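Student: Below are the structure tokens for one structure; questions will follow.
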Amino acid sequence: MKEQETLEQRLGEQGVSRRAFLKFCAALATMMALPPSSASAIAAALAKAKRPSVIWLSFQECTGCTESLTRSHSPTLESLIFDMISLDYHHTLQAASGHAAEQARDEAMKAFYGKYLLLVDGSIPLKDGGVYSTIAGRTNLDMLEEAAKGAAAIVAVGSCAAFGGLPNAQPNPTGAVAVSDIVKDRPIVNISGCPPIPAVITGVLAHYLTFGELPALDELGRPKAFYGETIHDRCYRRPFYDQGKFAKTFDDEGARNGWCLYELGCKGPTTHNACATTKWNGGTSFPIESGHGCIGCSEPKFWDAGSFYTPLSAPAADVATVAQVSMVAGAGAAVAMGALDRVKKQKLQQSREKLTVEDLKGD
Amino acid sequence: MSLQDIHIKVADAHSVGNVEAILNEIATRLDDFVNTSETGLIDLKSLPFSTDEYERLRAMLGRGEVTARLNSIGESEIYETHFPGVWWVTHYNVEGDIVADLIEIASVPAILQSQWEDVRTGLGRLRQTLTSVRGEPVEP
Amino acid sequence: MDAQELLIWVRGAGLQIAAAVFVLGMSYRMLHLLLIGRKKSLAEARGSEWAGGLRTMWQRSFVLPKLSPRGRFTVVAGYLFHLGFFVTLFFLSQHIALFRAVFGFGWPALPRGVIDIAAVLSLGAMVALLAHRLVDPVKRLLSDYQDYLTWALSFLPLLTGFMLLREIAFEYVTLLTLHIASVELLLIAAPFTKLAHMFSTFISRWYNGAVMGFKGIRT
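Residue numbers (our numbering), protein chains in the order written: chain A, 181 to 543; chain B, 15 to 154; chain C, 6 to 224.
In structure tokens form, the structure reads like this:
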């Protein structure tokens, strides 16, 4: 653990030129969505930055977030960022296993108490004492609470850690919750997405390294630089939405012409993420560019928001059946009331006294 | 069926309206540069472009006299556009993906200038080379 | 509850509640209305009930009567509002997608430009009608709280819908939630207020005409 070494020293040792470093900082500024002129400020700050210890805990998750990060599109820049942190525990990536792995975590937590960065992916099950997910015989809840105590900040990676994600979807059999539902006294940044964009994960890490603090966050704890706008706002198909030109099926004329996918269930208008500009697979494309609507994976409860293929303007639940039942009930009630009216009328007619000439004669 | 029987439909050039916006931005920055010699940078990756719009911007800016290639953690292509002082800087990683795509307003892009740290280490190396050529110790 | 959960609720449970109240209330009121029926007239018919009924339905809906300036304003603005409301409701592409999802079939949409004009005219007519209702002493005297309530309930969906398509003032999530919620309020209130005329108006027009037609009176 060479945590005392600055990045500049490390890069020098590796024979990385200053020019390469500047190029790296330009890429970082782009990645962090900062003004490009900040590259020199980043360079100055990073040169002096020390490597922070990072502990990565994986709970109820599918390892998709780690896959996303390790398949990051810029391996060299990527490895440079990873060189800048000291990843002391990550049970998928680390070489050690079993007791040795758990020991590494304990040691890092002790040595850098109050200073380490805690990364979490996956949700935490609370039902039945949290027995549904355990590591080395300890529940996720127990492990998170212990690790959170000494963390300088927590990064919730992926929608499961950030909002509960898939495990939290109805009927939530394990009682899964997000990190922020458990930890209340530590700064938390949510990097949502299923999986999150790798550049966003590394961008937040780089921001923390550069400025020593977490970036500005929105009301859901997500970095504004990446989640400040909706997919819809930055979508290249937006002009078609404004013109009311929609693809109706995945293979019609509209779909071939690249029209808006709103009516095929695109959740772009209600989804905040950077896919439309950062893109995926080395900047190749993003879902809408390959002809499929956004499924809204970086928003809370996206699994419970109805079908991925139901337009936002259509109901997220079965309304047709409700309407049919209601119509029958309404008609039944009307018939019953009508019958009641008839009975009342007959009774009134029967009880009515007939008017005679004598009655009219009265004084 | 021959090749002519396959109808190819050319999609309309759909504008997100960013080409004009960027050209305006470049003009403003260039004006600043002329008057105050303040350099400027525009990040092209943060803007939504359709593919044809991106190509349109490239075509409208054109190519000037200077093209440079940088080989450092992947390639970088730097060229002056048809408008002197307006440079197009594209950084690639080793796999050839674009990691930064910038328009730089300057007489020479910062990345092309020799860096003092590199110059200093370079001087050290040169002296070492001289030493080995002459076979005598380096002056401190 | 965050913005997304709120949206999920109004698109799900909220909409189910609103639809249930609307359909149950409306089917009950309309059928009950019809079941009350009429006493059989023992008089000899001097004309056709059907001819009179249909003619009145047609005349009151599509023929502009000779009116005073005040009456003319009310009728023209009223038509403009109803027409605009009808066009935006049934011919905006996003709404047709909703009907297709619920009923299983749809129809071609009108271009966005037409919808925009219809919505603006409708909104303008509503504002003018409200102003007239407040300024004109006779109309003001005739108005009760329900007239203002139903005005607001009809105005809000149009306004929030218009704002939603342009993302005015709020984020899309917020505007969509407000738009759907305003429609749900309209649906819930409709069976129990003057808004029930959306179904009963043609029944009553036919009825008025039929009564007169039976007596041989041209209306």
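Quick reminder that beta carbons are idealized off the backbone N, C-alpha and C, glycines included.
Just so it is clear, the structure is predicted and the values come from calculations on it, not from any experiment.
For the beta strand (DSSP E) holding L237/A, just list the boundary residues, first then last.
Tutor: As a working mapping, residue 237/A is identified with position 57 in the first sequence. Per DSSP, L237/A belongs to the beta strand (DSSP E) from S233 to S238.
Student: Counting only runs that start and end within the stretch 19 to 97 of chain B, where is the beta strand (DSSP E) found for 3 or more residues in a row?
Tutor: 54 to 57, 81 to 85 and 89 to 94
Student: Is it buried or exposed for S254/A, if we count other Cβ within 10 angstroms and need 16 for buried?
Tutor: Reading the first sequence from its first residue, position 74 is the one you call residue 254/A. In this predicted model, S254/A has a pLDDT of only 48, less than 50, meaning its place in the structure is not dependable; the value taken from the coordinates is given anyway. So S254/A ends up on the buried side.
Student: Is DSSP giving C205/A helix, strand or coil here?
Tutor: Counting from 1 along the first sequence, the entry for residue 205/A is found at position 25. Reduced to three states, the DSSP call for C205/A is helix.
Student: Measuring alpha carbon to alpha carbon, tell me which residue in A332/A, C242/A and Y293/A is nearest T272/A.
Tutor: On the first sequence, residue 272/A is found 92 positions in, with the first residue counted as 1. Measuring from the Cα of T272/A, the nearest candidate turns out to be C242/A.
Student: Less than 8 Å between CB atoms is the rule here; does R414/A satisfy it with respect to chain B?
Tutor: Counting from 1 along the first sequence, the entry for residue 414/A is found at position 234. Answer yes: the Cβ-Cβ gap between R414/A and chain B drops below 8 Å somewhere.
Student: Strictly under 8 Å for the Cβ-Cβ distance: is E189/C near chain A by that measure?
Tutor: The residue you call residue 189/C lines up with position 184 of the third sequence. No, E189/C lies away from the interface with chain A (no Cβ there is under 8 Å from its Cβ).
Student: Check the Cβ of Q423/A against every Cβ in chain C and list those closer than 7 Å, keeping chain order.
Tutor: Residue mapping note: residue 423/A aligns to position 243 of the first sequence, counting from 1. What Q423/A touches in chain C: R117.
Student: Taking only beta carbons into account, state which residues of the stretch 93 to 121 of chain B come closer than 7 Å to chain A, listed in chain order.
Tutor: Answer in chain order: H105, N107, V108, E109, D111, I112, V113, A114 and L116.
Student: Going by CA-CA distance only, name the one from A102/C, R117/C, P74/C and F207/C that's closest to G111/C.
Tutor: Working through the third sequence from its first residue, we reach residue 111/C at position 106. Ranking the options by Cα distance to G111/C, first place goes to A102/C.
Student: For D7/C, does the three-state DSSP call read helix, strand or coil?
Tutor: On the third sequence, position 2 is the one that residue 7/C refers to. Looking at D7/C - three-state DSSP - the assignment turns out to be coil, as it is neither helix nor strand.
Student: Comparing the C-beta of G462/A with each C-beta of chain B, is any distance below 8 Å?
Tutor: Taking the first sequence and counting its residues from 1, the one referred to as residue 462/A is at position 282. So yes, G462/A belongs to the interface.
Student: On the three-state DSSP scale, how would you describe W439/A?
Tutor: For the purposes of this step, residue 439/A is taken as residue 259 along the first sequence, with counting starting at 1. Correct three-state label for W439/A: coil.
Student: Which chain B residues sit within Cβ distance under 9 Å of S217/A?
Tutor: Against the first sequence, residue 217/A aligns to sequence position 37. Residues of chain B whose Cβ lies closer than 9 Å to the Cβ of S217/A are, in chain order, T53, G54 and L55.
Student: Could you give the uninterrupted runs of the alpha helix (DSSP H) lying entirely in the stretch 139 to 224 of chain C, keeping only those of 4 residues or more?
Tutor: 142 to 147, 150 to 171, 177 to 194 and 202 to 219
Student: Could you tell me which whole beta strand (DSSP E) segments of length 3 or greater appear in the stretch 361 to 386 of chain A?
Tutor: Under the rule that a run must span 3 or more residues, the beta strand (DSSP E) segments found entirely inside the stretch 361 to 386 of chain A read 368 to 371.
Student: Just mark H549/A as buried or exposed, buried being the case when its beta carbon has 16 or more other beta carbons within 10 Å.
Tutor: The question about residue 549/A has no answer here: the residues shown for chain A are numbered 181 through 543.
Student: Would the stretch 510 to 523 of chain A count as touching the stretch 18 to 37 of chain C if we require 3 or more Cβ pairs under 8 Å?
Tutor: Result yes; three or more Cβ-Cβ pairs closer than 8 Å.
Student: Determine which residues of the stretch 488 to 506 of chain A have a Cβ less than 7 Å from any Cβ of chain C, and write them out in chain order.
Tutor: T490, P491, L492, S493, A494, P495, A496, A497, V499, A500, V502, A503 and S506
Student: Kindly indicate if chain A contains any beta-carbon less than 8 Å away from that of R139/B.
Tutor: The residue labelled residue 139/B in the question sits at position 125 within the second sequence. By this cut-off, R139/B is not an interface position.
Student: Can you pull the chain A neighbours of E131/B, defined as C-beta to C-beta under 7 Å?
Tutor: Position 117 of the second sequence, counted from the first residue, corresponds to residue 131/B. What E131/B touches in chain A: R198.
Student: Would you identify the three-state DSSP class for A328/A, choosing helix, strand or coil?
Tutor: Indexing the first sequence from 1 puts residue 328/A at position 148. Reduced to three states, the DSSP call for A328/A is helix.
Student: Which runs of the beta strand (DSSP E) fall wholly inside the stretch 97 to 140 of chain B and span at least 3 residues, in chain order?
Tutor: Counting only runs of 3 or more residues that sit fully inside the stretch 97 to 140 of chain B, the beta strand (DSSP E) segments are 100 to 106 and 112 to 119, in chain order.
Student: Mind listing the chain A neighbours of P62/B? Cutoff is C-beta to C-beta under 9 Å, in chain order.
Tutor: As a working mapping, residue 62/B is identified with position 48 in the second sequence. The answer, in chain order, is D413, R414, C415, Y416, R418, A456 and T457.
Student: Which whole-angstrom value is the C-beta distance of P196/C and F27/C, which I expect to be below 8 Å?
Tutor: Sequence index remark: in the third sequence, residue 196/C carries index 191 (1-based). Sequence index remark: in the third sequence, residue 27/C carries index 22 (1-based). Confirmed, Cβ separation roughly 6 Å.
Student: How would you call H96/B, buried or exposed, if buried means at least 16 neighbouring beta carbons within 10 angstroms?
Tutor: For this step, residue 96/B is matched to residue 82 along the second sequence. It counts as exposed.
Student: Start and end of the beta strand (DSSP E) containing Y269/A?
Tutor: Looking up residue 269/A in the first sequence gives position 89. It spans S266 to H270 - the beta strand (DSSP E) in which Y269/A sits, taken as one unbroken run.
Student: Tell me where the beta strand (DSSP E) around V300/A begins and ends.
Tutor: Here the question's residue 300/A lines up with position 120 in the first sequence. V300/A -> beta strand (DSSP E) spans Y296 to D301.
Student: Would you call the CB atoms of V100/B and I92/B closer than 8 Å?
Tutor: Start at 1 with the first residue of the second sequence, and residue 100/B comes out as number 86. Start at 1 with the first residue of the second sequence, and residue 92/B comes out as number 78. Taking 8 Å as the Cβ cut-off, V100/B and I92/B do not qualify as a contacting pair.
Student: For a contact meaning CB atoms closer than 9 Å, what does Y33/C contact in chain A?
Tutor: Sequence index remark: in the third sequence, residue 33/C carries index 28 (1-based). Contact annotation for Y33/C against chain A: A509, G510, A511, G512, A513, A514 and M517 [CB-CB distance below 9 Å, chain order].
Student: List, in chain order, every chain A residue whose beta-carbon is nearer than 9 Å to that of H100/C.
Tutor: For the purposes of this step, residue 100/C is taken as the residue at position 95 of the third sequence. Here the neighbours are S493.
Student: I'd like to know if I40/B contacts chain A, where contact means its C-beta is closer than 8 Å to some C-beta of that chain.
Tutor: For the purposes of this step, residue 40/B is taken as the residue at position 26 of the second sequence. Cβ-Cβ to chain A under 8 Å: no for I40/B.
Student: Determine the extent of the alpha helix (DSSP H) in which S217/A is found, giving its start and end residues.
Tutor: Residue numbering aside, residue 217/A sits at position 37 when the first sequence is read from its first letter. Premise fails: S217/A is in no alpha helix (DSSP H) and is neither H nor E.
Student: Going by CA-CA distance only, name the one from L11/C, S46/C, D7/C and L20/C that's closest to E189/C.
Tutor: Along the third sequence, read from residue 1 onward, the residue named residue 189/C stands at position 184. Out of L11/C, S46/C, D7/C and L20/C, L20/C has the C-alpha closest to the C-alpha of E189/C.
Student: Do V380/A and I371/A have their C-beta atoms within less than 8 Å of each other?
Tutor: As a position in the first sequence, residue 380/A is number 200, starting the count at 1. As a position in the first sequence, residue 371/A is number 191, starting the count at 1. Contact flag set, yes.
Student: Can you tell me where the alpha helix (DSSP H) with K421/A in it begins and where it stops?
Tutor: Translated into positions along the first sequence, residue 421/A becomes position 241. Position check: residue 421/A holds Tyr in this sequence, whereas Lys was assumed. Per DSSP, the continuous alpha helix (DSSP H) segment holding Y421/A begins and ends at R418 to Q423.
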